[in-house]
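Number of protein chains: 2
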Amino acid sequence: MNKTTIKDVAKRLNVSISSVSRAFNDKYDIKKETRERILRVAKEMGYHPNPIAQKLKQNKSFNIGVIVPEFINEYYSEVISGIQEVLNVNGYQVLTMQSNNCPSLEFKNVETLLNNRVDGLIICPSCDSENMNFYLEKISKGQHIVFVNRVKESFPAKKVLFNNIKWSYLATEHLIQKGYKKIYHLAGNKNLSISHDRISGFKKAMEKYKFPTSSFKIIETGLLAEDATVIVEELILDDDLPDAFMCINDLVALSVISILSEHSIAVPEDIGVIGFTETKMASLMSPKLSSVKQPTYEMGKTAAEMLCKSINNIVIERETVIMNGDLNIRKSSSRS
Amino acid sequence: MNKTTIKDVAKRLNVSISSVSRAFNDKYDIKKETRERILRVAKEMGYHPNPIAQKLKQNKSFNIGVIVPEFINEYYSEVISGIQEVLNVNGYQVLTMQSNNCPSLEFKNVETLLNNRVDGLIICPSCDSENMNFYLEKISKGQHIVFVNRVKESFPAKKVLFNNIKWSYLATEHLIQKGYKKIYHLAGNKNLSISHDRISGFKKAMEKYKFPTSSFKIIETGLLAEDATVIVEELILDDDLPDAFMCINDLVALSVISILSEHSIAVPEDIGVIGFTETKMASLMSPKLSSVKQPTYEMGKTAAEMLCKSINNIVIERETVIMNGDLNIRKSSSRS
DNA sequence: TTGTATGCGTTATCAT
DNA sequence: ATGATAACGCATACAA
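The listed protein sequences correspond, in order, to chains A and B. Under this note's numbering, the first residue of the first sequence is numbered 21, with each subsequent residue one higher. Under this note's numbering, the first residue of the second sequence is numbered 21, with each subsequent residue one higher.
Here it is in structure tokens:
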């Protein structure tokens, strides 16, 4: 075990522990010569300052808490990856917890992290729960919290969002331009702000291109593959299939394609399909899936940078950063 | 901010800080009555012991370091999830780092974590590098380290592995029983022990069922989709396609199916395909992919439990735990 | 049963 | 330029 302390080093060199401390925090008046001597010997002895003692002294944990709905999920894994990238460089360790999409567990996690004296929090809320008010209260008391995704634009706090309205609009417009005349939107749960926004974007496109109400539908499914399965089966039974599906996410899109294929309906020839929140799967399946790519990694990085600034009391230009993505057109929406 | 300290509570109640401390660590002689009074008032005041001070005092960080090749990867996300599950319950926080499959970064991460005084490490090595000797040395000096995956069975340390030989054998045997007569194994890099083991399993099946050397091949590809693409294209050009492909993982299997489909070769009718290390994708794509499911979550849990025991000096029955999985048969290998 | 005093390994203030 | 010493918040050996 690493047990060498600042005392050991001081004793070995016949200097005071203050000198050793100075050498390691090179902001002090200390003779360059002795500084180097100290550092050299310390290295020999395998000495590293005990971060726990430093934390106690500085009354800072250098820990940041991150809460995501679940990280067995490409999306949040990537967000976390971006967060870690930035925070590690800034000397922070990241404590990650999952809420399993459950507000009460989310709350419990926040408490745990606060009791652990995290210096700040990055929260990807599971949904729009009463927790949000609790967070606002904490912020007003001086806590540093940054939110990512699934938060209303009007929520008065630092946050990083994706422009769901815009990209939902663009995805829909793409289908229209490809000549699909009857388009159904398989939307997520309505209590999620992201679903709401994607519906808005979809509607906007329908209005812009003057689709009659008979030529489009918004069907609330869920975020899971099974949710879509049921719906599409029903549509087939009712002989109510559209020209194209604009799906809330890739999982739903995939499931749609799968069922259509079972019924020998060709994608994209008979029916076009586009996903959202692109996953790696999109370019691996056949037909390759068109989708909207979100800048997950960058969203994580941005949130982490905002948090660092917040902790260091650096004033920020905009409290809300709304990011853009890419519309990746592939086979599933490209009939010739 | 949470600034109430043990002192504040003591002062408020006109008791000594020792009493408060005792109340919170209820292993001491303390009058039940006062204990309750203290806890009640402490709660009112929003007091929580400062874990950093506790750590300093107890010379324990209650942090565990986890290093994985990358966690933007279902496999390791799930392993980490299992690890967290167990460790959080035991009062530990988990610090996760990625090695990006690079031994030198892996080494750097270990150093960082050790300097942060982690109480133990769980390492999923990127490959069989010289780091392994360094780890052994650390272990001999009293460090607690448990390894997961990608480690040779002969490596003399605590570890959790998957029985690649057995399940590779079973996957291959399944193809044979389905009547496929000419089987190619798309193997990963040979410097990975998992590749090596899966090749062994494959060979074992070939021997057992007396396949002549002309009826099977082992082709070293990589772990990525692109690696397989090139190979299969070549096989098609050379008119050297087998009856079935036994693939190192789902990604490769997926890519194989995709290319075959582009060439209008039907799976599973013309050619059977089976993957390994099942991903969620397997049951979502069409045709649904047969694959070997690894108990990722349980592997993480097991490793964490072993680590806890190690830290608490609890003797362990077996140093090596080799886990089994499931052979999930789906459409891609099920011709009628 | 409770209180006092010491130390965990640092950093920072004040001397020298 | 360097050393002595007091904190940081807690747990614990010892005293009462």
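All residues carry an ideal CB built from backbone N, CA and C; glycine is no exception.
Item to check | Length of the line joining the Cα atoms of S358/A and T297/A | outcome: Past the boundaries of the shown model lies residue 358/A; chain A is included only from 21 to 356, so the question cannot be answered.
Checklist entry - For T340/A, which three-state DSSP category applies? => result DSSP places T340/A in the strand class (E or B) of the three-state scheme.
Item to check | Sequence-distant residues of the same chain with beta carbon closer than 8 Å to I336/A, five excluded per side | outcome: K178, M326, K329, S330
Next on the checklist: Classify M305/B: buried if its beta carbon has 16 or more other beta carbons within 10 angstroms, exposed otherwise.
Outcome noted: buried
Item to check | Cβ pair G102/B, E318/B closer than 8 Å | outcome: yes
Checklist entry - Between the C-alpha atoms of N93/A and T322/B, what's the straight-line distance to the nearest angstrom? => result 22 Å
Item to check | Residues sharing a beta bridge with A264/B, DSSP | outcome: I203/B, G292/B
Checklist entry - Taking Cβ positions, are N169/B and P123/B nearer each other than 8 Å? => result no
Checklist entry - For the putative contact between L195/B and C267/B, defined by C-beta atoms under 8 Å, what is the C-beta separation to the nearest angstrom? => result That pair is no contact at about 11 Å.
Item to check | Reference N357/B, options Q74/B, N34/B, L33/B, S275/B, closest by Cα | outcome: Residue 357/B lies beyond the residue range present for chain B, which begins at 21 and ends at 356; the question has no answer from this structure.
Next on the checklist: By the three-class DSSP mapping on this structure, what secondary structure does N136/A have?
Outcome noted: coil
Item to check | Beta-carbon neighbours of N70/A, restricted to chain B and to distances below 7 Å | outcome: R137
Checklist entry - Does K116/A get closer than 8 Å to chain B when you measure Cβ to Cβ? => result The sequence shown places Thr at residue 116/A, rather than the Lys named in the question. So yes, T116/A belongs to the interface.
Checklist entry - Using the beta-carbon of each residue, which ones in chain B are nearer than 7 Å to K75/A? => result I72
Checklist entry - Which runs of the alpha helix (DSSP H) fall wholly inside the stretch 174–261 of chain B and span at least 4 residues, in chain order? => result 184–197, 213–228, 245–257
Item to check | Residues that I349/A contacts on chain B, provided the C-beta gap is smaller than 7 Å | outcome: The contacting residues do not exist; I349/A stays about 18 Å from chain B at best.
Item to check | Partner residues on chain A for I92/B, Cβ-Cβ distance less than 8 Å | outcome: E94, S97, E98, S101
Next on the checklist: Taking beta-carbon pairs under 8 Å, can you tell me which members of the stretch 285–313 of chain A lie near chain B?
Outcome noted: Residues M301, L304, M305, S306.
Next on the checklist: Using CA atoms only, rank isn't needed, just tell me which of S215/A, L261/A, N129/A, Y229/A is closest to T241/A.
Outcome noted: S215/A
Checklist entry - Does S188/A have its Cβ less than 8 Å from a Cβ in chain B? => result no
Item to check | the stretch 137–170 of chain B: positions lying closer than 8 Å to chain A by Cβ | outcome: R137, K161, G162, Q163
Next on the checklist: For V88/A, count the other beta carbons within 10 Å of its own beta carbon; 16 or more makes it buried, fewer makes it exposed. Which is it?
Outcome noted: buried
Item to check | Rounded separation between L156/B and F167/B - CA only | outcome: 11 Å
Checklist entry - Would you say L212/A reaches chain B, if we count a Cβ-Cβ gap shorter than 8 Å as a contact? => result No, no contact with chain B.
Next on the checklist: Judging by CA-CA distance, which residue of F91/B, T24/B, V61/B, S81/B is the nearest neighbour of T316/B?
Outcome noted: Ranking F91/B, T24/B, V61/B, S81/B by Cα distance to T316/B puts F91/B first.
Checklist entry - When every heavy atom of the ligand GTP is checked, does at least one fall within less than 7 Å of the C-beta of A73/B? => result Ligands in the displayed structure: none, and consequently the ligand GTP is not present.
Checklist entry - Residues in its own chain within less than 8 Å of D139/B by CB, not counting five upstream and five downstream? => result K80, S81, F82, N83, I84, Y112, H164, I331
Checklist entry - Would a check of beta-carbon distances place A245/A closer than 8 Å to chain B? => result Chain B contact via Cβ: present.
Next on the checklist: Between which residues of its own chain and R218/A is the CB-CB distance below 6 Å, once the five residues before and five after are set aside?
Outcome noted: N184, S188
Item to check | Reference F231/A; option with closest CA among K201/A, N211/A, V293/A | outcome: K201/A
Item to check | Inter-residue Cα distance where the pair is L243/B and L133/B | outcome: About 29 Å.
Next on the checklist: Just to confirm before moving on: does the CB-CB distance between F355/A and P288/A stay below 8 Å?
Outcome noted: It should be noted that the sequence gives Arg, not Phe, for residue 355/A. The answer is yes: Cβ separation under 8 Å.
Checklist entry - Excluding sequence positions up to five away, which residues of its chain have a Cβ less than 6 Å from the Cβ of S235/B? => result K202
Checklist entry - Do C147/B and V99/B come within 8 Å of each other at the CB atom, strictly closer than that value? => result no
Checklist entry - Can you round the beta-carbon distance between S353/A and K198/A to whole angstroms, since I take them to be within the 8 Å contact cut? => result 6 Å
Checklist entry - In its own chain, which residues sit with a C-beta less than 8 Å from the C-beta of D28/A, not counting the 5 before and 5 after it? => result M65, Y67
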